[in-house]
Amino acid sequence: MDTRTATAELGWISFPANGWEEVSGYDENLNTIRTYQVCNVFEPSQNNWLLTTYIDRRAAQRIYVEIRFTVRDCASIPSVLGSCKETFNLYYLETDRTVSESIKGVEYWANAPFLKVDTIAADESFSQVDFGGRLMKVNTEVRSFGPLSKGRGFHLAFQDLGACMSILAVRVFYKKCPSVVQNFAYFPETLTGAESTSLVIARGSCISNAEEVDVPIKLYCNGDGEWMVPIGSCSCKAGYEPDNSNVCRACPQGTFKSFQGAGLCQQCPPNSRSTIEAATLCSCRNGYYRGDMDRPEDVCVPSAPRNVVSVINQTSVLLEWHSPRDTGHRDDLSYNVLCRRCHSAERRACQPCDDSVKFVPGKRGLKETQVEISKLRAHTSYTFIIQATNGVSNKSPYPAQQLSINITTNQAAPSVVPIMHQVSSTSRSFSLSWPPPEQPNGIILDYEIRFYDKTLLNSSVVQSQTPGVVLEGLRPGTGYVVQVRARTVAGYGAYSKDMLFQTLTDDEYKSELGQQLSLIAGYLVGGVCIVSLIVALRPDMFSGPTPTVTFPTRSEGHSSPGVKIYIDPFTYEDPNEAVREFAKEIDPSCVKIEEVIGSGEFGEVYKGRLKPIGKKEIPVAIKTLKVGYSERQRRDFLSEASIMGQFDQPNIIRLEGVVTKSRPTMIITEFMENGALDSFLRQNDGQFSVIQLVGMLRGIASGMRYLAEMSYVHRDLAARNILVNSNLVCKVSDFGLSRYLEEDASDSTYTSSLGGKIPVRWTAPEGIAYRKFTSASDVWSYGIVTWEVMSYGERPYWDMSNQDVINAIEQDFRLPAPMDCSVVLHQLMLDCWQKDRNARPKFPDIVSMLDKMMRNPTSLKTETRVIQTYSPSHHPLLDRGAPDLSSISSVEDWLAALKMTQYRDSFLGSGFTSLPLVTQITAEDLQRIGVSLAGHQKKILTSVQLMRHNVDDQSPTESV
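Quick note, the working numbering runs 522 ahead of the 1-based positions in the sequence shown.
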């Protein structure tokens, strides 16, 4: 509606009859207009209503009203009553139909069912008069209201309570974002939202001859009718170029565009043509050719090398060919040989050959028409491209001429074993292991190990069916040179490089044996106790045949001492060798990236899918290395994969593999649906039973037991580095970089080799003071994790600074039990926080304790007790275990202390407006006012009980 230019009667409804009056008049530009005016300032108790005609809202949810009006200054009116006003009220009425003009009764207007928009005051009022009457001072005000949803339209209503004023014009409108083409996508006209701050999503569709680049394609329409935050885009198809950013125009004849995107059409390369519009490739003219591996923009050449002949000998091939028929009229002809290794018959499955492939006399700048290629892989398909070039081959019109040939190699002996590792050693023997050859070239039948005393040089040879051997009968304290080679049906490969290994001296061996005997004695005592218990409980078990003794499987996290030990990847001279040994290389075509789920120190972290060839597709998490990395950053990034790849246990995050031979470099792990443990607990505060929480802790302890048995120290165990899957299985993750103590750090914090801080809150005292990290320091961190789990993700030591934490621990302060935490669990935490690291429990002990708790759930019931610490006197920081009530004077403060401010309105609206009233609250009251989460109810009721107790016990000199 817009009455600014209306000259006919508007026909609005007014009440009472002597109130608003419709008259013709002039605006400030002397244009004829229809106005409504009222000026009953000499009569008391005015209530004059003016109702507009019905206005269709056209699906708009928010309406804007622009009002042009004049108001006379009350002070300028002589003998006016005290009730004179200089304001009026604006209302609206949602309805599906027009309000009848017959509604004129006093009762209707006295109870008018209108919703108020605002009281409108004039910025300027008039008081002077000119020769033609009043000197107008026109005011313009805009108001909005919404959301509208109850009818197809509405009426506007104006209420006068005793002003002398005129409504000159009323304009009613809504806002919308116009249809637009942006990023080659069309977005339709879109109405704004119900609130001025609303953002309405509009889905876009690609314009003609354009295709999606990123999806979904959408824009946001804001409350001012403006488009913002473009997401996704389209681009012109191959064969089409952008024109003024609104149209994708077909490439004319004689041009082409081979790719989708923003590029323009190009002229056909020399010796080629396109005879149609929208060409994606220019065809070579008769007598000219383009190689199979050439790009569409490459020039067609007269001819390629001819009659190539190949002779294959196991993993070597001899190539010979004839010169091209047309050499471009130059005498500086030379040849290049390109090698590509193929996984299938498809070209796109081929990759450049490894640098280890050898070309004789070379692979570039050859003058002869033959080359011998060796060190290829057995039973592998290769494509060789022979290019004929001259001195101007990089310039038009004399391009490289080439010919391709496909061959498949025969069987061959295995490649060299890259490295050997010493697993254990005695005074007269040592145990070695090694990875299989990178190119086995068939099934490995066995290994031959050659070794000799470096002082005597008399060698011995032994065979092994597996990649490991124990060499016995050696001399104490002596170095031995060892080599190994693998054998297939094609014969033996070459020996590995010489590696030196040392036997222990008799004294060293006796010392180590004594330590092992102490450990075995401990195991035997434990075993005797277990057997005695079994005999007492189940004597029938020993009445039959002798049972077979079996050891726990690796899946549970046990391994026999010395069988598998963690190998630090940074001990390798070439860190890439550690990646190849411990991490599986994945073909990037098997990986599909879906969405960003976070960011790491080196780049983005994505959720994706992995579809190994011949296997079922699985969800995975994908860590990527950002563009522009240094070689050191790449090494550090892949070191985590080298570490993770050595682990195989259900409570350790599983490495699926790595992508290192293409960009971006990726580490691919199993996907954990519920993310990090700390945030998962905070999002589900109070939702789990104690048994479920203990089950999570048991899983973490099982994973750490496995790492400890492999002699791996985590150094950064915290709830944020534990991942949780959809079955609530917790897995240890973040096997990142080694850390060192920053020498000049004033607050004794830790930094990684990349500068990242390690939080002191999880670090054992010896790690802070002496940089001493062992499995015992991981046990300390595990105690902190237990506290985090039982407090549903509470920050350890709350808002204390790092230096305050260090000082408090040094003074024997320990974290108090979280709310509703059982005595046995808090005692486990205190045991983990023993200052003497030798007094702390081992991870096998922790797993055993948690198993006993789960078998005996009654031990996990909350008991009232005095919180224990190692301090001889009560430490003031112990009061941080529950909210500090000493400074609480209102319900708002109390809820803030409990971190329950979301229930403020519910408490106050239900009448619990003071702390004395709160102390009378019951579980039924909480349910009634909307506190439905069991954990929140328990937390509130526990605090209420504490307040009651403190109020009852408080003396005049004590505070709560």
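By construction, the Cβ of each residue, glycine as well, lies at the ideal position given by its N, Cα and C atoms.
Check: I577 beta carbon less than 8 Å from that of G675; Outcome: yes
Check: Where the alpha helix (DSSP H) through A1298 begins and ends; Outcome: S1297 to M1312
Check: Terminal residues of the beta strand (DSSP E) in which M1021 lies; Outcome: M1021 to Q1024
Check: Span of the alpha helix (DSSP H) around K1374; Outcome: F1365 to R1377
Check: Where N858 falls: helix, strand or coil (DSSP); Outcome: strand
Check: Extent of the continuous alpha helix (DSSP H) run through E1231; Outcome: V1212 to E1231
Check: Residue range of the unbroken alpha helix (DSSP H) whose run includes E1188; Outcome: As written in the sequence, residue 1188 is Met, which differs from the Glu given in the question. Careful: M1188 lies outside any alpha helix (DSSP H), inside the beta strand (DSSP E) at M1188 to E1192.
Check: At least three beta-carbon pairs within less than 8 Å, the stretch 610-620 to the stretch 705-718; Outcome: no
Check: Neighbourhood of F610 by C-beta, 7 Å cutoff - its chain only, sequence neighbours within 5 removed; Outcome: I642, F680, Q681, D682, A685 and M687
Check: V939 beta carbon less than 8 Å from that of R1007; Outcome: yes
Check: Where Y966 falls: helix, strand or coil (DSSP); Outcome: For the sequence presented, residue 966 should be read as Ile rather than Tyr. If DSSP states are grouped into helix, strand and coil, I966 belongs with coil.
Check: Start and end residues, alpha helix (DSSP H) containing N570; Outcome: From DSSP, N570 is part of no alpha helix (DSSP H) but of the beta strand (DSSP E) over N570 to L573.
Check: Cβ-based neighbour list, S1381, same chain, cut-off 8 Å, excluding 5 preceding and 5 following; Outcome: S1344, V1346, K1374 and M1375
Check: Distance CB(A1241)-CB(V1307) smaller than 8 Å; Outcome: yes
Check: Between the CA atoms of L721 and I532 - distance to the nearest angstrom; Outcome: One point to set straight first is that residue 532 is Leu, not Ile, in the sequence displayed. Roughly 36 Å separates the two Cα atoms.
Check: L1250 versus A1198 - alpha carbon distance; Outcome: 11 Å
Check: Buried or exposed by the 16-neighbour rule on C-beta atoms within 10 Å, applied to Q1467; Outcome: exposed
Check: Cβ pair L993, S951 closer than 8 Å; Outcome: yes
Check: Inter-residue spacing [alpha-carbon to alpha-carbon] between A1223 and R1377; Outcome: 17 Å
Check: For Q559, the first and last residue of its enclosing beta strand (DSSP E); Outcome: T554 to C561
Check: Spatially closest choice to D1207 from V893, E1103, S1111 and Q1459, by CA coordinates; Outcome: Q1459
Check: Sequence-distant residues of the same chain with beta carbon closer than 8 Å to Y974, five excluded per side; Outcome: N980, S981, S982, Y1002 and V1003
Check: Backbone CA spacing between T777 and C770 [nearest angstrom]; Outcome: 15 Å
Check: Selection from G1167, N540, N793 and W1302 that minimises the alpha carbon distance to D1090; Outcome: G1167
Check: When A530, T529, Q1171 and Q559 are compared against N540, the one with the closest alpha-carbon; Outcome: Q559
Check: Length at least 4, wholly inside the stretch 1131-1187: the alpha helix (DSSP H) runs in chain order; Outcome: 1153-1166
Check: Contact check, Q1105 vs S1164, beta carbons under 8 Å; Outcome: The residue asked about is misnamed: residue 1105 is Ala in this sequence, not Gln. Yes, the Cβ-Cβ distance between A1105 and S1164 is below 8 Å.
Check: Given 8 Å, three or more beta-carbon pairs between the stretch 689-700 and the stretch 580-595; Outcome: yes
Check: Limits of the beta strand (DSSP E) - the one that V587 falls within; Outcome: I585 to V593
Check: Candidates E565, S567, D524 and L572: closest to I555 by CA position; Outcome: D524
Check: Classification of P700 by the beta-carbon crowding that lies within 10 angstroms, buried from 16 upward; Outcome: exposed
Check: Spatial distance of I907 from L967 (CA atoms); Outcome: 36 Å
Check: For M1312 and V1216, the rounded distance between their alpha carbons; Outcome: 9 Å
Check: Whether I1189 touches K1145 by CB criterion (8 Å); Outcome: yes
Check: Inter-residue Cα distance where the pair is D736 and Q704; Outcome: 13 Å
Check: Among F1193, L1337 and V1369, the one whose alpha carbon lies nearest that of M1218; Outcome: V1369
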